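J.: Each number in our numbering comes from the position in the sequence shown (counting from 1) with 500 added on.
Beta carbons are placed, not taken as given, at the ideal position from N, Cα and C, and that holds for glycine.
The structure presented is a predicted model; accordingly, all values stated were derived computationally and were not measured.
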Amino acid sequence: MPALRSRHLCSVAAALALTVSVPATAATADSSAALREVLFVGNNWDGTATVLKSSGDFAKVGEINVVPDKAQRIAEINADPIKWIYYTAIRNQVGQGHDQYVDDMYSTPDGRSVVVSRPSFADVVSIDLATDKINWRFPVAGYRADHMAVSPDGTRVAVSASTANKVQVLDIDTGKELGEFDTGDKPHENVFTNGGKYIWNMSIGEVTTSLDDPSADWTKGDRHITVVDATTYKTVKTIDMRDRLDAIGLKNFSDAVRPAAFTPDWSKMYFQVSFFNGFLEYDIASDKITRVKTLPANPATSTDRTTWLLDSRHHGISMSPDGAKLCVAGTMDNYATVVDRATLQEGPLVTASTPYWATVSGDGKDCVISESGADQVTAIDFATGQKVTSVAVGDHPQRVRLGHVQADWTGPSAS
501 MPALRSRHLC SVAAALALTV SVPATAATAD SSAALREVLF VGNNWDGTAT
551 VLKSSGDFAK VGEINVVPDK AQRIAEINAD PIKWIYYTAI RNQVGQGHDQ
601 YVDDMYSTPD GRSVVVSRPS FADVVSIDLA TDKINWRFPV AGYRADHMAV
651 SPDGTRVAVS ASTANKVQVL DIDTGKELGE FDTGDKPHEN VFTNGGKYIW
701 NMSIGEVTTS LDDPSADWTK GDRHITVVDA TTYKTVKTID MRDRLDAIGL
751 KNFSDAVRPA AFTPDWSKMY FQVSFFNGFL EYDIASDKIT RVKTLPANPA
801 TSTDRTTWLL DSRHHGISMS PDGAKLCVAG TMDNYATVVD RATLQEGPLV
851 TASTPYWATV SGDGKDCVIS ESGADQVTAI DFATGQKVTS VAVGDHPQRV
901 RLGHVQADWT GPSAS
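Set out below in C-alpha cells:
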C-alpha cells in the first residue's frame with residue numbers, strides 16, 4: 501500500500517490498510533497521488549461515519565451519512581413481518597435499544613467511495629464520498645450484516661451474514677457476489693491472511709442470551725474458526741478452540757474467538773474470547789495455544805456475566821507494525837493498555853469508557869481505540885503506553901478503519 505509501510509500487514513488492524521491497496525493499473529496510478537489517508541470511525545447508533553486524520557492530532561476531516569436511504573429501508577422492513585421482527589430484535593438485543601446502522605467500513609482503492617455493512621438493514625452499500633449517494637446495495641443472506649474484511653489488492657470485500665451462518669464475498673466496485681462459504685454459528689470477524697491467500701472467519705455463537713454461566717456454554721452454539729482459500733472459497737481448515745483450551749486446563753473458558761491480531765509473519769495469532777479479561781497466544785504451525793495473558797480486572801466491574809456487553813469482557817486488539825506491542829481494549833473494565841508481546845507485561849491502564857475496538861494509526865506510532873461510552877476515539881502511544889489525545893466523534897463509535905479519500909475531500913457536497 502503506497503502510504504503505509506509493508507509491516508502494517510501484521511495484524512487484524514493491518515487488515516484495515518488493505519482497504520486502500522492500489523492495483524497497478526493506469527487509472528489507479530493516476531489517482532493515487534491525489535489520495536489522503538484517513539481514519540473512518542463508524543458511529544453505529546448515529547448512522548454516520550466520522551473521518552479523521554490518520555495520525556498526529558487526528559483532527560476531523562469530514563463526516564458521511566451512511567443511511568441516506570433510511571426512510572426507504574424502514575418502509576420495506578415495516579411491510580415485511582419477518583424483517584420487522586429481526587429489525588426489532590437487533591434494536592432491543594445487540595443494539596441495546598438502538599438501531600445498528602454501521603458495523604464496518606472500508607474505502608475503495610481510488611478513495612472515491614466507502615463500503616459499509618449495516619446490521620439493522622441487513623446489507624452492504626457503497627456510498628459515493630462526494631455526494632453521499634449509494635452506488636450499489638447488496639442485501640446479505642439472512643437478516644443481519646456484521647464484520648467485513650478487504651482483500652490486499654482492494655478489489656473484494658468479505659462480509660459476515662450473521663444470521664445465515666455464512667460469509668459472502670463481493671466485488672468492491674460493483675457489489676456483485678463472487679462467492680461465499682459456510683461458517684459456524686454467528687460469523688463475526690473476517691481477516692485476509694498470508695498476503696490474501698486465505699480468509700479466516702471467527703464465529704462467536706449466540707451472545708444475546710443470559711445463559712452465560714460456563715455450565716450453559718453448550719447453549720451458545722457451534723463456534724469455530726473457518727479458514728478458506730481466498731480464491732476458491734473452499735474450506736482449508738476448521739479450528740475449534742474448545743479442544744485447544746481443554747488441553748491446557750481451561751475447560752471453563754469460552755471458545756468463542758472475538759477480535760484477533762496476527763504477527764507480521766502470520767505465525768502466531770493473539771485472540772480474545774468471550775467473558776475473559778485478557779487474551780491468548782495461538783501458534784498456527786503447531787496448532788496449540790502457547791500462552792495465556794490475564795489482564796487486570798477493574799474492581800468496579802460487575803462480576804455478573806449477564807451484565808457484560810454481548811459476552812464481551814474485552815473486545816478489541818491490535819498489534820504495532822513491528823510486531824513488538826499489542827494494544828488491548830478492556831471493554832467492560834473501562835481501560836485500554838499496551839502489552840509487550842515478548843514478556844506479556846502490560847503498561848499503564850489508560851482509562852476509557854467502554855472501549856470497543858483497537859486499531860493502528862497511519863504512521864504506526866499509536867493504537868487508536870473507539871470509546872463507545874464517551875463518543876470519542878483515543879490514541880495511545882505504542883512506545884510509552886500513555887494517552888496521546890482524544891477526539892470527539894458521533895454516537896456510539898465502534899469499528900475504526902484506515903482508508904483513503906480524495907486529497908481535497910472535506911465531506912459530501914451540498915448539491
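Would residue 659 and residue 641 qualify as a contact pair, given that the criterion is a beta-carbon distance under 7 Å?
T.: For this step, residue 659 is matched to residue 159 along the sequence shown. For this step, residue 641 is matched to residue 141 along the sequence shown. Judged by their CB atoms, residue 659 and residue 641 are not nearer to each other than the 7 Å cut-off.
J.: Give the straight-line distance between the Cα atoms of residue 481 and residue 684, rounded to the nearest whole angstrom.
T.: Nothing about residue 481 can be read from this structure; the chain reaches only from 501 to 915.
J.: What is the DSSP secondary structure of residue 800, counted as helix, strand or coil?
T.: The residue given as residue 800 occupies position 300 in the sequence shown. Under the three-state reduction of DSSP output, residue 800 falls in the coil class, being neither helix nor strand.
J.: Can you tell me whether residue 790 is buried or exposed? The criterion is at least 16 other CB atoms within 10 Å of its CB, across all chains shown.
T.: Working through the sequence shown from its first residue, we reach residue 790 at position 290. Per the 10 Å Cβ criterion, exposed.
J.: Could you give the distance in angstroms between the alpha-carbon of residue 908 and the alpha-carbon of residue 612?
T.: By 1-based counting over the sequence shown, the position of residue 908 is 408. By 1-based counting over the sequence shown, the position of residue 612 is 112. Distance between the alpha carbons of residue 908 and residue 612: 11 Å.
J.: Enumerate in chain order the residues of its own chain whose CB-to-CB distance from residue 728 is below 7 Å, with the five nearest sequence positions on each side excluded.
T.: Working through the sequence shown from its first residue, we reach residue 728 at position 228. Closer than 7 Å at Cβ, skipping near neighbours: 681, 698, 699, 734, 735 and 736.
J.: Please identify the residue among 897, 913 and 702 whose C-alpha is closest to the C-alpha of residue 539.
T.: Within the sequence shown, numbered from 1, the residue matching residue 539 stands at position 39. When only C-alpha atoms are compared, the closest one is 897.
J.: Figure out for me which residue from 881, 761, 893 and 643 has the closest Cα to the Cα of residue 870.
T.: As a working mapping, residue 870 is identified with position 370 in the sequence shown. Checked all of 881, 761, 893 and 643; the closest Cα to residue 870 is 893.
J.: Determine the burial state of residue 796: buried for a count of at least 16 other Cβ atoms within 10 Å of its Cβ, exposed for fewer.
T.: One-based indexing of the sequence shown puts residue 796 at position 296. It is exposed - the Cβ of residue 796 has fewer than 16 other Cβ atoms within 10 Å.
J.: Does residue 573 come out as helix, strand or coil in the three-state DSSP assignment?
T.: Here residue 573 is taken as the residue at index 73 of the sequence shown, counted from 1. Looking at residue 573 - three-state DSSP - the assignment turns out to be helix.
J.: From residue 715 to residue 805, what distance separates their C-alpha atoms?
T.: To locate residue 715, count along the sequence shown from 1; it is residue 215. To locate residue 805, count along the sequence shown from 1; it is residue 305. Residue 715 and residue 805: Cα-Cα distance of roughly 13 Å.
J.: Which residues share a DSSP beta bridge with residue 904?
T.: By one-based count along the sequence shown, residue 904 stands at place 404. Residue 904 is bridged to 537.
J.: With distances taken Cα to Cα, identify the nearest neighbour of residue 667 among 545, 730, 631 and 866.
T.: Within the sequence shown, residue 667 is the residue found at index 167, counting from 1. Comparing Cα positions, the closest option is 730.
J.: Counting pairs of Cβ atoms below 8 Å between the stretch 534-549 and the stretch 584-604, do you hit three or more?
T.: yes
J.: Based on Cα-Cα distance, which residue from 648, 829, 851 and 586 lies nearest to residue 480?
T.: This structure gives no information on residue 480, because the portion of the chain shown stretches from 501 to 915.
J.: How many whole angstroms separate the CB atoms of residue 717 and residue 811, which I take to be in contact at a CB cut-off of 8 Å?
T.: By 1-based counting over the sequence shown, the position of residue 717 is 217. By 1-based counting over the sequence shown, the position of residue 811 is 311. Incorrect: roughly 11 Å between the Cβ atoms, too far for contact.
J.: How about residue 623 and residue 639: do their beta carbons lie closer than 7 Å?
T.: Residue mapping note: residue 623 aligns to position 123 of the sequence shown, counting from 1. Residue mapping note: residue 639 aligns to position 139 of the sequence shown, counting from 1. Taking 7 Å as the Cβ cut-off, residue 623 and residue 639 qualify as a contacting pair.
J.: Output the distance between the C-alpha atoms of residue 556 and residue 809, rounded to the nearest integer angstrom.
T.: Locating residue 556 in the sequence shown gives position 56, where the first residue counts as 1. Locating residue 809 in the sequence shown gives position 309, where the first residue counts as 1. Distance between the alpha carbons of residue 556 and residue 809 is about 31 Å.
J.: When you compare the CB positions of residue 776 and residue 770, do they come within less than 7 Å of one another, or not?
T.: Within the sequence shown, numbered from 1, the residue matching residue 776 stands at position 276. Within the sequence shown, numbered from 1, the residue matching residue 770 stands at position 270. Result no, Cβ atoms of residue 776 and residue 770 do not sit closer than 7 Å.
J.: Alpha carbon to alpha carbon, how far is residue 913 from residue 691? Give it in angstroms, no decimals.
T.: Within the sequence shown, numbered from 1, the residue matching residue 691 stands at position 191. Within the sequence shown, numbered from 1, the residue matching residue 913 stands at position 413. Rounded to the nearest angstrom, the two C-alpha atoms are 34 Å apart.
J.: Which of the three DSSP states is assigned to residue 741 in this structure?
T.: Numbered from its first residue, the sequence shown carries residue 741 at position 241. Three-state result, residue 741: helix.
J.: Please say whether residue 889 and residue 873 have beta carbons closer to each other than 7 Å?
T.: Translated into the one-based positions of the sequence shown, residue 873 becomes position 373. Translated into the one-based positions of the sequence shown, residue 889 becomes position 389. No, Cβ-Cβ distance for residue 873 and residue 889 is not below 7 Å.
J.: First and last residue of the beta strand (DSSP E) that includes residue 635?
T.: On the sequence shown, residue 635 is found 135 positions in, with the first residue counted as 1. Membership of residue 635 in the beta strand (DSSP E) is indicated by the continuous run 634-639.
J.: With a threshold of 8 Å on Cβ separation, who are the neighbours of residue 584 within its own chain once the five nearest residues in sequence on each side are excluded?
T.: Taking the sequence shown and counting its residues from 1, one reaches residue 584 at position 84. The residues are 577 and 578.
J.: Taking the C-alpha atoms as reference points, what is the distance between residue 687 and residue 704?
T.: Counting from 1 along the sequence shown, the entry for residue 687 is found at position 187. Counting from 1 along the sequence shown, the entry for residue 704 is found at position 204. Between residue 687 and residue 704, the C-alpha separation is close to 6 Å.
J.: Between 845, 774, 802 and 783, which lies nearest to residue 723 when the distance is taken from Cα to Cα?
T.: Indexing the sequence shown from 1 puts residue 723 at position 223. Closest by alpha carbon: 774.
J.: Out of 563, 781 and 881, which has the shortest C-alpha to C-alpha gap to residue 632?
T.: Sequence index remark: in the sequence shown, residue 632 carries index 132 (1-based). Among 563, 781 and 881, the Cα nearest to that of residue 632 belongs to 563.
J.: Do residue 899 and residue 569 come within 7 Å of each other at the CB atom, strictly closer than that value?
T.: For this step, residue 569 is matched to residue 69 along the sequence shown. For this step, residue 899 is matched to residue 399 along the sequence shown. In this structure, residue 899 does not lie closer than 7 Å to residue 569 by Cβ.
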